[in-house]
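Taking the working numbering, the leading residue of the sequence shown gets 2, the next gets one more, and so forth.
Glycine included, every Cβ here is placed at the ideal spot set by N, Cα and C.
Computed from a predicted structure; not experimentally measured.
Here's the structure, in structure tokens; my notes come after.
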Amino acid sequence: MGECSFILLSGGIGKRMQVNIPKQFLLLGGKPILVHVLEKIDTIDSIKEIIIPSPKEFIEKTEEIIHNYGFATPIYCIEGGDTRQESVYHALKSARFDQVIVHEAVRPFVTKEEFSYLIDCKNESATYGLDIPFTVLEGKDFIENNLVRDQLINIQLPQKFNRKKLLYSHECAREDNLEFTEDASLYFHYFKSDIKVLKGSDYNIKITKPVDRKIAEVLYKEYILMEG
Ligand SMILES: Nc1ccn([C@@H]2O[C@H](COP(=O)(O)OP(=O)(O)OP(=O)(O)O)[C@@H](O)[C@H]2O)c(=O)n1
Ligand SMILES: C[C@](O)(CO)[C@H](O)COP(=O)(O)O
2 MGECSFILLS GGIGKRMQVN IPKQFLLLGG KPILVHVLEK IDTIDSIKEI IIPSPKEFIE
62 KTEEIIHNYG FATPIYCIEG GDTRQESVYH ALKSARFDQV IVHEAVRPFV TKEEFSYLID
122 CKNESATYGL DIPFTVLEGK DFIENNLVRD QLINIQLPQK FNRKKLLYSH ECAREDNLEF
182 TEDASLYFHY FKSDIKVLKG SDYNIKITKP VDRKIAEVLY KEYILMEG
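Here it is, written out as structure tokens:
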């Protein structure tokens, strides 16, 4: 893969975390959560720019953090959207390279190797994914349908796409008024073409709810021990 743009999603306000700042700014091992990802991607040669959608009122704070940590890759903070999907759309419009990687600021345990593997894999579109270690059925108050666990994937980020094709599928979704929770489903809805699933890691958790913050602290201690 040649040169690429990297979208680091940081446009949410973290309602489910129930604290008074967006969770990407919470400290993990003394550093804001979003810095953990930036440190891993800053040394990857093919990443030529990083675009960070942020809530309007937190753009300045994000820029200040970036300035304090001093990264080498050009980083552009832009205004996010009202939804995750809209934040990706805004970022895609300002991205400049043919390939685009999408990751979430709140998945700090992704490794540099996972990014490199994604970048180097020959597929144009790829996502990380995990087998599901529990049973998922369709329904709400009553069971309505069985699902076959072996045919399901727990989708993880990061993901990569051709920028123009992803932008096109976002434009279609806006036109059709469709909302997806992530870009593999959105892209697949329109292109129905190969999206390679790479084997993800149990460690690459998304920090969503208060319990995830506790899990993250435990994982971070293990990570520090491993780093020596
Ligand atoms: N309008 C939005 C909403 C979410 N995100 C980003 O998408 C990722 C995953 O979203 P989620 O965990 O849902 O984050 P929040 O929207 O912040 O959380 P909540 O849904 O609890 O409010 C996060 O990195 C978040 O910052 C974004 O860029 N723009
Ligand atoms: C994109 C995602 O993180 C894939 O695991 C997930 O779908 C986001 O959904 P959420 O409702 O924002 O947690």
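Item                                                                                                                         : Value
Chain-order list of residues whose beta-carbon lies under 7 Å from that of Phe189 (same chain, five-residue window excluded) : Ile196
Distance between Asp151 and Gln160 (C-alpha atoms, nearest Å)                                                                : 22 Å
Environment of Ile225 [buried if 16+ CB atoms lie within 10 Å]                                                               : exposed
Residue environment, Asn205, which counts as buried when at least 16 other CB atoms sit within 10 Å                          : buried
Buried/exposed call for Arg164, threshold 16 Cβ in 10 Å                                                                      : buried
Proximity to Glu105 [Cα-Cα], best of Ser11, Glu218, Lys24 and His171                                                         : Ser11
Three-state class that DSSP yields for Asn147 in the structure shown                                                         : coil
Where Gly201 falls, given that 16 or more other Cβ within 10 Å makes a residue buried                                        : buried
Proximity below 9 Å, CB of Ala79 to CB of Ile67                                                                              : A small fix is needed here, since residue 79 is Ile in this sequence, not Ala. Cβ atoms of Ile79 and Ile67: not closer than 9 Å.
Check whether Ala73 and Asp43 have beta carbons under 9 Å apart                                                              : yes
Per DSSP, the bridge partner or partners of Cys173                                                                           : Bridge partners of Cys173: none, in fact.
C-beta atoms of Leu29 and Pro109 nearer than 9 Å                                                                             : yes
Buried or exposed (CB count within 10 angstroms, at least 16 for buried), Lys24                                              : buried
Ile156 beta carbon near ligand 2 (any heavy atom closer than 8 Å)                                                            : yes
Contact under 9 Å by Cβ, Leu9 with Ile60                                                                                     : no
Sheet register partners of Glu80 (DSSP bridge)                                                                               : Ser55
Contact check, Tyr118 vs Gln157, beta carbons under 9 Å                                                                      : no
beta-carbon Gly13 near ligand 1 non-hydrogen atom, thresh 8 Å                                                                : yes
Alpha-carbon to alpha-carbon, Lys193 and Lys16                                                                               : 33 Å
Leu199 (DSSP reduced to helix, strand or coil)                                                                               : strand
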